[in-house]
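Undergrad: In my numbering, the protein residues as written are 43 to 186. Think of the CB as a built atom: it goes at the ideal place given N, C-alpha and C, for glycine as much as any other residue. Got a structure for you, questions after.
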């Protein structure tokens, strides 16, 4: 899938006014997701996305390289935080309210679910805590 298609689908699913808002929501969600999931899963997700979207994930993973302890934790677990923190980080990055951030993140995850392999989205779902996992499409969230 091309980046323009990805952002267009995010814009449509989240009912956003323009492409720039969709890009901001996509970037904010991917960066926050990359903080929450193990680096290896983030790397696999980046490999299945267009370069512009993958860069959001890779930037966070690269930041984990600064500290050996942080790298070890991020590589295997991701940073532990809940839906409230997830929503707050997405909101901060996208310059939106937390309610809007949750709606937009849900749309991004729905688009990702259709854009990448089902096996990869299953891995993403397995490493997320139940409260964040609820943002996945209902058919995917029911698998856990």
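Over the uninterrupted alpha helix (DSSP H) stretch that includes residue 172, give me the two end residues.
TA: Start and end: 172–175.
Undergrad: With distance defined between alpha-carbon atoms, name the residue in 121, 150 and 89 nearest to residue 170.
TA: For residue 170, the nearest C-alpha among the options comes from 121.
Undergrad: With DSSP collapsed to three states, give me the class of residue 82.
TA: DSSP places residue 82 in helix when its eight states are reduced to three.
Undergrad: Are at least three pairs of beta-carbons, each pair with one atom in the segment 84–97 and one in the segment 124–133, less than 8 Å apart?
TA: Taking 8 Å as the limit for Cβ pairs, the verdict is that the segment 124–133 does not touch the segment 84–97.
Undergrad: Among 137, 146, 145 and 72, which residue has its Cα nearest to the Cα of residue 166?
TA: Taking only the C-alpha atoms, the option nearest residue 166 is 72.
Undergrad: Rounded to whole angstroms, what's the CA-CA distance from residue 67 to residue 130? Just pull it up for me.
TA: Rounded to the nearest angstrom, the two C-alpha atoms are 13 Å apart.
Undergrad: Report, in whole angstroms, the separation of the C-beta atoms of residue 155 and residue 178, which I expect to be a contact under 8 Å.
TA: Right, the Cβ-Cβ distance comes to about 7 Å (below 8 Å), so this counts as a contact.
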